[in-house]
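S.K.:
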Amino acid sequence: MKQQLVVVGNGMAGVSCVEQILKQSHDFEITIFGDETHVNYNRIMLSLVLAGEKTADDIVLNDLNWYQNNGIRTRLGIKIAAIDRERRHVIDELGGVTEYDKLILATGSSAFIPPIPGVEKKNVHVFRTLDDTRALLDKSRSGLKTVVIGGGLLGLEAARGLQVRGCDVTVVHLMDKLMDRQLDATGGEYLRRKIESLGIRVMLPKQTAAVFGNGHVDGLRFANGEEIEADLVVIAAGIRPNAELAKHAGIKVSRGIVVNDHMETSDPSIFAVGECTEHRGQVFGLVAPLFEQGRVLAETITGVRTKTFAGASQAAKLKIMGVDIFSAGSIDDTEPGIDIVRYEDPSLGVYKKILLKDNRLHGVILVGDTEDEHTYTDWLRNGTDLTELRRQVLFPPRDADPGLEVAAMPDSETICGCNGVSKGTIVQAIHEHGITGLTQLKRLTRASTSCGSCTGLCEKLLRAVTPDFQEETRTTLCNCLPFSYEKLRDIIRGQKLKSVEEVLAVYGNRKGCEVCKPALSYMLDMLWCGDHEEDRSARFINDRVHANIQKDGTFSVIPRMRGGVTSAAELRKIADVADKYNVPMVKVTGSQRIDLLGIKKADLPRVWADLGMISGQAYTKGVRMVKTCVGTEFCRFGVQDSTNAGIELERRLENLFTPHKYKMGVVGCPRNCAEATVKDLGLIGNEGSWQVVVGGAAGKSVRKADLLITVETTEQALEASDLFFQYYRENANYLERTYDFVERFGIEKIRKETVYASDELKSGILDRLARSKAISKDPWLERDAPANPTQFVQIQPMEAPTK
Amino acid sequence: MTQESVWTAITKTENIPLREGRAVTVGGVEVAIFNVNGRFLTIENACPHKGGPLCDGIVSGTTVVCPLHGQRFDLETGAPVLAAQPTCLATFPTRVENGIVLVDLEHVNRIEN
Chain Z
19 MKQQLVVVGN
29 GMAGVSCVEQ
39 ILKQSHDFEI
49 TIFGDETHVN
59 YNRIMLSLVL
69 AGEKTADDIV
79 LNDLNWYQNN
89 GIRTRLGIKI
99 AAIDRERRHV
109 IDELGGVTEY
119 DKLILATGSS
129 AFIPPIPGVE
139 KKNVHVFRTL
149 DDTRALLDKS
159 RSGLKTVVIG
169 GGLLGLEAAR
179 GLQVRGCDVT
189 VVHLMDKLMD
199 RQLDATGGEY
209 LRRKIESLGI
219 RVMLPKQTAA
229 VFGNGHVDGL
239 RFANGEEIEA
249 DLVVIAAGIR
259 PNAELAKHAG
269 IKVSRGIVVN
279 DHMETSDPSI
289 FAVGECTEHR
299 GQVFGLVAPL
309 FEQGRVLAET
319 ITGVRTKTFA
329 GASQAAKLKI
339 MGVDIFSAGS
349 IDDTEPGIDI
359 VRYEDPSLGV
369 YKKILLKDNR
379 LHGVILVGDT
389 EDEHTYTDWL
399 RNGTDLTELR
409 RQVLFPPRDA
419 DPGLEVAAMP
429 DSETICGCNG
439 VSKGTIVQAI
449 HEHGITGLTQ
459 LKRLTRASTS
469 CGSCTGLCEK
479 LLRAVTPDFQ
489 EETRTTLCNC
499 LPFSYEKLRD
509 IIRGQKLKSV
519 EEVLAVYGNR
529 KGCEVCKPAL
539 SYMLDMLWCG
549 DHEEDRSARF
559 INDRVHANIQ
569 KDGTFSVIPR
579 MRGGVTSAAE
589 LRKIADVADK
599 YNVPMVKVTG
609 SQRIDLLGIK
619 KADLPRVWAD
629 LGMISGQAYT
639 KGVRMVKTCV
649 GTEFCRFGVQ
659 DSTNAGIELE
669 RRLENLFTPH
679 KYKMGVVGCP
689 RNCAEATVKD
699 LGLIGNEGSW
709 QVVVGGAAGK
719 SVRKADLLIT
729 VETTEQALEA
739 SDLFFQYYRE
749 NANYLERTYD
759 FVERFGIEKI
769 RKETVYASDE
779 LKSGILDRLA
789 RSKAISKDPW
799 LERDAPANPT
809 QFVQIQPMEA
819 PTK
Chain C
1471 MTQESVWTAI
1481 TKTENIPLRE
1491 GRAVTVGGVE
1501 VAIFNVNGRF
1511 LTIENACPHK
1521 GGPLCDGIVS
1531 GTTVVCPLHG
1541 QRFDLETGAP
1551 VLAAQPTCLA
1561 TFPTRVENGI
1571 VLVDLEHVNR
1581 IEN
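Note that the protein sequences, when read in sequence, are chains Z and C. Using the numbering used here, the first residue of the first sequence is number 19, and each one after it goes up by one. Using the numbering used here, the first residue of the second sequence is number 1471, and each one after it goes up by one.
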């Protein structure tokens, strides 16, 4: 007969222990009680749910099928009221009795609520469970004055999550530094600066004396009498083990439920695991030791008993995108016999502190650069003798043979503690699915999708196992806005943000810089098809005055000459302008156009008016030109009318912005006189057909374009051009030329999603292009309707200085 | 002994758009006046690196980035921020009265390098 195993607690520690038991034995009939109504989810990732990076579904660890398939009885939303140790049963709050042979207490912990008058007021929340997270999501809105009490890991993550939701967030912390349990004074200061640069206010040290307000919170009062307004307060002041149930049952409890190295409590039939435990005087709040406890307890329960729990060094990693913090081991530098090695670079925001004892790593603090966290974790865990490496402890040597460490690891070893993914599972997935990169690995195995601390290890595994491993470069825009391009596009679209300032206020550091501002300007223009609030101040000077700034602060003017075709009348006007404005240089460009160099900003509107031509946009990340050959019109070899096709192509796409400059070429025969094969897009005329080629380059890089498609008619060639053009606009990163984009995406994928896509998809792409085109206009028209009174006008002082 | 301020009326506030700069030459000095979210700040216009017009730069917080080669300067102090050129720029006291931007060209502030 099977033994009855009852687990009180449906959280990460309890369920992970059950998973381990199931791997070893099927002698138990298992019942799990959970006071939350949810299946086991990844609590570590709640801050990502708050920040909108994950949904509640994304963080489910064990779905209902898992419980069913393993024959586990689940009683969700039910609290256990008491344990009757004599009769060996638990009594739930509904009075139900469940008998056990063995009982696991995995009751976890609760948010600690400091005894501050007024904490019971409305809109004072804790942040501990999925329901807490949902409540916060409900409350959060743009501009909401939010105060987070507690500047530890959880408090900071909650603060960032709420700020990303648009709240105006202040973190108040009792101690004089943030994350005081993991950082020293310098590290704390680096972190404070970083957090403030994200646009979160930090107040320290601040003791909250009262929460005031009439029924609902209006603000906080500090011990020094100072006050701060608040519409929402989140308390993240630490956690306390849930040990009441055990205590009432007469089980030995100190701060937590006391367990020995086998995770046994004072009652031989009762065991405990997770945050509710206290082991050798230590309580736990981070996930890695709890999984270790689960593995030990599984062996104890199944009678294997080879593993013991020897405590764990605490390693902490802050999960805020763009804020890299890692701390492990003991960081107390007052201990005798400690050697300290330090490195800091204030302008890079990098701080590293290594504590050594007897030439072995004792503790580590990394701020701003956590690349080597795994090496340090290994050194700590293995007690590596660092005598030989003393000169390199701050910048540990990277493994010469990345396979070595991985090879030494058994298949059963857990790589991703958060999602419980073993080395064996990953290796199998790599072979089965032909995984080549981290993104793919994450999607297929869920490894490295939670706290990210095993990312380095996953990469090592990929490098060792995958024949064609592809390193993925970080595509974060900049530090103002630590999101990938893809994510930013989602955010802008999803949150309906329509101005650069709005994006920066809600998701960034409220300042922006010369990198992200133009990039955001582009994204907004592309996503809203030009129907948005253009912020000229966020654009480079060239796009503010529609000319290219030169080394002396003057500008160059290049009028559009579609297909490189001009006329005597146009040339005469250009000559007249050159004379009238004493243009220092008139130059024929490589793009079959004429450049007037050395024009003063104040003269631009008059120059444009005198030219009477439209802007060639040679100054912007946008459609430049179409270079053509003379084709069938005059050339005796021409087989297609390249000149007119080029003029039409230019007319269709001109005045539109692109991630980077976009140059085209159309040639009437394969002799390729206008070099269409090294353009972002080229049309190559053949007898009875056109080849459409993309991703060519002949600048900093030289690349022969890839064939997108061969079509019969000019109209088809133009449609294929439109499709690729808009696809590039929508999917490339800002400042990514087509030659990089085509390589990154792969021409097959691009073909499938453009020219070979379903009619519905194609018409969607063409519709969006048409909408952008409809709203676009010749920027030089601003000569008559300037964007602001001094767009071109030189300001003259109203009075002379009085000396 | 502090001298009395000598304010010169430059231009209407609306002539300097939000988060942009404009150059103006007063008494032989070319300065750039910036509108940092409603606060007006004045700095020498020429970038010490290659003379780029700072007035045309992108404003990031209270700094400006030179449009030519990306040197960055603090508009409040004139100090370079992560710039290759360690030279500081002069800043000038600036205030607004009745919608007019006034600059004191006498009291030049320059952090010594």
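Using N, Cα and C, we set each Cβ at its ideal position, and we do this for glycine too. The structure presented is a predicted model; accordingly, all values stated were derived computationally and were not measured.
Please tell me whether residue 1557 of chain C has its Cβ less than 8 Å away from any Cβ of chain Z.
M.R.: no
S.K.: Let me see if you follow: with CB-CB separation under 8 Å, is residue 1490 of chain C close to chain Z or not?
M.R.: yes
S.K.: Is there contact here, the segment 278-291 of chain Z with the segment 187-199 of chain Z, by at least three beta-carbon pairs under 8 Å?
M.R.: No, because fewer than three Cβ pairs between the segment 278-291 of chain Z and the segment 187-199 of chain Z fall closer than 8 Å, the two stretches do not touch.
S.K.: Counting only beta-carbon separations shorter than 8 Å, does residue 1544 of chain C have a partner in chain Z?
M.R.: no
S.K.: Among C:1582, C:1580 and C:1575, which one has its Cα closest to the Cα of residue 1494 of chain C?
M.R.: C:1575
S.K.: Pick from Z:254, Z:161 and Z:271: whose alpha carbon is nearest that of residue 298 of chain Z?
M.R.: Z:271
S.K.: Taking only beta carbons into account, state which residues of the segment 1526-1541 of chain C come closer than 7 Å to chain Z, listed in chain order.
M.R.: Residues of the segment 1526-1541 of chain C with a C-beta less than 7 Å from any C-beta of chain Z: 1526, 1528, 1529, 1530, 1531, 1535, 1537, 1538 and 1540, listed in chain order.
S.K.: According to DSSP, which residues form a beta bridge with residue 574 of chain Z?
M.R.: Z:566 and Z:615
S.K.: What does a CB cutoff of less than 7 Å around residue 161 of chain Z pick up in its chain, not counting 5 residues either side in sequence?
M.R.: Excluding positions up to five away in sequence, the list reads 184 and 186.
S.K.: Kindly confirm or deny that the segment 88-105 of chain Z and the segment 201-210 of chain Z touch, where touching means at least three C-beta pairs closer than 8 Å.
M.R.: no
S.K.: I need the DSSP call for residue 533 of chain Z, collapsed to helix, strand or coil.
M.R.: coil
S.K.: Who are the Cβ neighbours of residue 1471 of chain C in its own chain at under 8 Å, not counting the five residues just before and after it?
M.R.: Any reading at residue 1471 of chain C must be qualified, since the residue scores a pLDDT of 40, below 50, and its modelled position is unreliable; no value is offered.
S.K.: At what residues does the alpha helix (DSSP H) containing residue 35 of chain Z begin and finish?
M.R.: 30-42
S.K.: Strictly below 8 Å CB to CB, what residues from chain C border residue 554 of chain Z?
M.R.: Per Cβ cutoff of 8 Å: 1487 and 1490.
S.K.: Comparing the C-beta of residue 1471 of chain C with each C-beta of chain Z, is any distance below 8 Å?
M.R.: For residue 1471 of chain C, the pLDDT reaches just 40, beneath the cut-off of 50, and the residue's location in the model is therefore unreliable, leaving the point undetermined.
S.K.: Please report whether the beta-carbon of residue 79 of chain Z lies at a distance below 8 Å from any beta-carbon of chain C.
M.R.: no
S.K.: Please list, in chain order, all residues of the same chain as residue 137 of chain Z whose beta carbon is under 6 Å from its beta carbon, the five residues on each side excluded.
M.R.: Beyond the five residues adjoining it in sequence on each side, residue 137 of chain Z comes within less than 6 Å, by CB distance, of 131 and 229 in the same chain, given in chain order.
S.K.: Quick check: is the beta carbon of residue 822 of chain Z nearer than 8 Å to any beta carbon in chain C?
M.R.: Here chain Z has residues from 19 to 821 only, and residue 822 of chain Z is not among them.
S.K.: Can you list the residues of chain Z that residue 1523 of chain C reaches, using a CB-CB cut of under 7 Å?
M.R.: 571
S.K.: Under a CB-based cut-off of 8 Å, is residue 340 of chain Z close to chain C?
M.R.: No, because no Cβ of chain C sits closer than 8 Å to the Cβ of residue 340 of chain Z.
S.K.: Considering only C-alpha positions, which residue in the set C:1501, C:1546, C:1488 and C:1489 is nearest to residue 1480 of chain C?
M.R.: Out of C:1501, C:1546, C:1488 and C:1489, C:1501 has the C-alpha closest to the C-alpha of residue 1480 of chain C.
S.K.: Please state whether DSSP places residue 500 of chain Z in a helix, a strand or coil.
M.R.: strand
S.K.: Indicate the three-state DSSP secondary structure (helix, strand or coil) for residue 1471 of chain C in the structure shown.
M.R.: Annotation note: pLDDT 40 at residue 1471 of chain C (below 50); position unreliable, no value reported.
S.K.: For residue 679 of chain Z and residue 166 of chain Z, I'd like the C-alpha separation in whole angstroms.
M.R.: 45 Å
S.K.: Using only alpha-carbon positions, find the residue among Z:537, Z:583, Z:545 and Z:579 that is nearest to residue 561 of chain Z.
M.R.: Z:537
S.K.: Determine the extent of the alpha helix (DSSP H) in which residue 443 of chain Z is found, giving its start and end residues.
M.R.: 441-451
S.K.: Which first and last residues belong to the beta strand (DSSP E) in which residue 740 of chain Z is found?
M.R.: Run containing residue 740 of chain Z: none in the beta strand (DSSP E); it sits in the alpha helix (DSSP H), 732-749.
S.K.: Are the beta-carbon atoms belonging to residue 305 of chain Z and residue 435 of chain Z less than 8 Å from one another?
M.R.: yes
S.K.: What is the DSSP secondary structure of residue 541 of chain Z, counted as helix, strand or coil?
M.R.: helix
S.K.: Could one say the Cβ of residue 816 of chain Z lies closer than 8 Å to chain C's Cβ atoms, at least one of them?
M.R.: Contact of residue 816 of chain Z with chain C is assigned, a C-beta pair being separated by under 8 Å.
S.K.: Measure from the alpha carbon of residue 534 of chain Z to the alpha carbon of each residue in Z:518, Z:34 and Z:543, then state which is nearest.
M.R.: Z:518
S.K.: Beta-carbon of residue 496 of chain Z versus every beta-carbon of chain C: anything under 8 Å?
M.R.: no
S.K.: Bridge partners for residue 708 of chain Z per DSSP, in chain order?
M.R.: Its beta-bridge partners are Z:703 and Z:729.
S.K.: Okay, do the segment 805-820 of chain Z and the segment 770-784 of chain Z touch, 3+ Cβ pairs below 8 Å being the bar?
M.R.: no
S.K.: I'd like to confirm the pairing. Which residues does DSSP put opposite residue 290 of chain Z in its beta bridges?
M.R.: Z:123
S.K.: For residue 796 of chain Z, which residues in the same chain have their Cβ closer than 8 Å to its Cβ, ignoring the five residues on either side in sequence?
M.R.: Non-local beta-carbon contacts of residue 796 of chain Z in its own chain, meaning distances under 8 Å to residues more than five positions away in sequence, involve 632, 633 and 673 in chain order.
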